[in-house]
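Residue numbers (this note's numbering): 162 to 530.
Below is one structure, written out as structure tokens; comments come after it.
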């Protein structure tokens with residue numbers, strides 16, 4: 162019994178010592194508490210498949226009583242928000258490709274005459290399949306409205322909803338998620354490598370020697386940035402090969418356009434990683450900072466859940482997240498075949514992040530060492 166008590170006493174002392182080692186550093190206490198709270202809040206608001214608003218456009222060639230009833234139900238549902246009333250079928254492509262509307266409802270001119278003769282009348286819904294999960298949920302809501310109109314008519318299934326998904330014909334979730342990993346996994350690797358580049362030399366005692374060499378700070382920064390960029394591009398290539406040849410997802414765009422966007426994106430990630438490396442005193446600290454940062458970046462990117470589903474405050478916060486814009490670039494290039502002129506609005510924020518973080522990292526290297 163005495164031996165057991167002595168063993169428990171020794172174990173208690175050891176556990177107390179370890180807890181004190183963990184909690185004695187104020188910075189460590191902050192890292193242990195604040196990220197947990199912040200990520201819980203982010204998961205609660207950002208990681209949601211609830212669809213509160215569906216932007217849609219309509220091409221109504223009928224202008225009859227039934228089409229008016231359908232549109233009234235959609236506009237009054239509180240879920241569908243009409244963003245455009247189209248005039249000719251040629252407008253549909255521009256509306257969907259630009260991401261202005263998640264779906265376009267096309268009501269044919271012979272709708273009323275078909276119903277009057279007792280025939281089945283088709284109504285076509287064209288979906289943006291680049292976000293397959295959201296499109297599927299929106300289609301469920303639309304089916305409910307069509308069934309409601311059929312029930313009110315008392316004519317069975319006189320209206321029939323025909324669906325056509327662009328850029329992802331079968332609305333496969335894999336087509337939405339897997340191409341996005343080209344950017345997401347590359348970002349994780351690049352930020353981690355860049356974040357460890359300087360702290361590794363600090364722990365080994367070689368960083369001070371590097372600063373007194375003939376190399377200028379910009380040359381050191383470039384030398385630290387290029388290897389992670391190269392690794393990130395190689396990793397993106399491997400993921401791209403898996404997407405195309407293992408999963409068989411057809412590539413509709415240009416490799417030149419994709420790699421131009423990837424280079425800019427990886428440059429912004431290197432700037433973030435080097436900034437982390439500059440403020441970290443050890444490799445362990447750099448790893449903690451990296452993991453704390455990567456989770457919110459992924460949550461606020463739109464990889465799994467649409468940004469439009471998030472609260473307005475979080476939507477504004479995504480504008481400083483380069484992954485959000487690279488995901489849109491990858492999906493539009495891969496699935497849609499978008500060209501560089503279509504992606505300028507996404508490239509500008511990534512360039513701004515790179516232009517801010519790289520000079521910040523250089524300044525931190527000079528002033529913190």
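Glycine is no exception: its CB is placed at the ideal position from the N, C-alpha and C atoms.
Run the CB neighbour count on residue 255, radius 10 Å, all protein chains shown included, and call it buried at 16 or more, exposed below. Result: exposed.
Would you tell me roughly how many angstroms separate the C-alpha atoms of residue 447 and residue 329, rounded to the nearest one? A straight line joining the alpha-carbon of residue 447 with that of residue 329 spans about 39 Å.
Residue 462 and residue 496 closer than 7 Å at C-beta: Between residue 462 and residue 496, the gap from beta carbon to beta carbon reaches 7 Å or more.
Bridge partners - residue 324, DSSP secondary structure assignment: Beta-bridge pairing links residue 324 to 286.
Taking 8 Å as the cut-off, does the stretch 377 to 395 touch the stretch 476 to 493 (at least 3 CB pairs, one atom from each stretch)? For the pair of segments examined, the stretch 476 to 493 was found not to touch the stretch 377 to 395: the number of CB pairs separated by less than 8 Å stays below three.
Same chain only: Cβ atoms within 7 Å of residue 270, ignoring 5 sequence neighbours per side: Closer than 7 Å at the Cβ level, and outside the excluded window around residue 270, lie 222 and 223.
Could you tell me the alpha carbon to alpha carbon distance between residue 410 and residue 404, rounded to whole angstroms? Between the alpha carbons of residue 410 and residue 404 lies a distance of about 6 Å.
Considering only their Cβ atoms, is the gap separating residue 486 from residue 510 smaller than 7 Å? Contact flag set, yes.
For a quick check, are the C-beta atoms of residue 293 and residue 266 less than 7 Å apart? Going by beta carbons, residue 293 and residue 266 fall outside the 7 Å limit.
How do the stretch 499 to 515 and the stretch 423 to 443 stand: do at least 3 beta-carbon pairs fall below 8 Å, yes or no? Segments in contact, yes.
State yes or no: is the C-beta of residue 545 within less than 7 Å of the C-beta of residue 289? What is shown of the chain runs 162 to 530, which leaves residue 545 out entirely.
Spatial neighbours of residue 240 within its chain, please: CB distance less than 6 Å, with the 5 preceding and 5 following residues excluded, ordered by chain position. Spatial neighbours of residue 240 in its own chain (CB-CB distance under 6 Å, excluding positions within 5 residues in sequence) are listed in chain order as 215 and 302.
Which one of 272, 273, 246 and 275 has the shortest CA to CA distance from residue 261? Scanning 272, 273, 246 and 275 for the CA closest to the CA of residue 261 turns up 246.
Compute the minimum distance between the beta carbon of residue 521 and the heavy atoms of the ligand ADP, and state whether it is under 6 Å. The ligand content of the structure shown is nil, which means the ligand ADP is not present either.
Residue from 233, 422 and 364 whose Cα sits closest to the Cα of residue 414: With distances taken between Cα atoms, residue 414 lies closest to 422.
Through-space distance from residue 419 to residue 508, alpha-carbon basis: Going from the Cα of residue 508 to the Cα of residue 419 covers about 11 Å.
My understanding is that residue 304 touches residue 276, with C-beta atoms under 8 Å, so please give their C-beta distance in whole angstroms. About 18 Å separates the Cβ atoms of residue 304 and residue 276, ruling out a contact at the 8 Å cut-off.
Where residue 299 and residue 237 are concerned, what is the direct C-alpha to C-alpha distance, given to the nearest angstrom? Whole-angstrom Cα-Cα distance: 15 Å.
Residue nearest to residue 258 in terms of C-alpha spacing, selected from 522, 523, 504 and 518: With distances taken between Cα atoms, residue 258 lies closest to 504.
Start and end of the alpha helix (DSSP H) containing residue 278? Counting along the chain, no alpha helix (DSSP H) covers residue 278, and no H or E run does either.
Would you call the stretch 344 to 364 in contact with the stretch 276 to 286, where contact means no fewer than 3 C-beta pairs closer than 8 Å? At 8 Å Cβ cutoff, the stretches do not touch.
N-terminal and C-terminal residue of the alpha helix (DSSP H) that residue 440 is part of: Per DSSP, residue 440 is one residue of the alpha helix (DSSP H) stretching across 416 to 440.
Using the C-alpha atoms, what's the distance from residue 428 back to residue 523? C-alpha separation (whole angstroms): 14 Å.
Can you tell me whether residue 471 is buried or exposed? The criterion is at least 16 other CB atoms within 10 Å of its CB, across all chains shown. Residue 471 sits buried, since 16 or more C-beta atoms from the chains shown fall within 10 Å of its C-beta.
Using a Cβ-Cβ distance under 7 Å, would residue 438 count as near chain C? Chain labels in this structure do not include chain C; a single protein chain is all it has.
Best match in 348, 396, 343 and 181 for proximity to residue 454 [C-alpha to C-alpha]: Nearest C-alpha to residue 454 among 348, 396, 343 and 181: 348.
Cβ-Cβ separation, residue 444 to residue 364 (assumed contact under 8 Å), whole Å: The beta carbons of residue 364 and residue 444 sit about 6 Å from each other, so the pair counts as a contact at 8 Å.
What span of residues does the alpha helix (DSSP H) with residue 363 cover, start to end? It spans 334 to 365 - the alpha helix (DSSP H) in which residue 363 sits, taken as one unbroken run.
Which value, in whole angstroms, describes the spacing of the CA atoms of residue 401 and residue 340? Here the alpha carbons of residue 340 and residue 401 stand approximately 7 Å from one another.
How would you label residue 382, buried or exposed, when you count the other beta carbons within 10 angstroms and need 16 or more for buried? That one is buried.
What number of angstroms, rounded off, separates the C-alpha of residue 253 from the C-alpha of residue 335? Near 25 Å, if we compare the C-alpha coordinates of residue 335 and residue 253.
Just how far apart, CA to CA, sit residue 230 and residue 310? Looking at the two C-alpha atoms, the distance is approximately 7 Å.
Run of the beta strand (DSSP E) containing residue 246, from where it starts to where it stops: Where residue 246 is concerned, the enclosing beta strand (DSSP E) stretches over 241 to 246.
Alpha carbon to alpha carbon, what distance is there between residue 397 and residue 338? Within the model, the alpha-carbon separation for residue 338 versus residue 397 is close to 14 Å.
Please list the terminal residues of the continuous alpha helix (DSSP H) segment that includes residue 477. Counting along the chain, residue 477 sits inside the alpha helix (DSSP H) bounded by residues 473 to 478.
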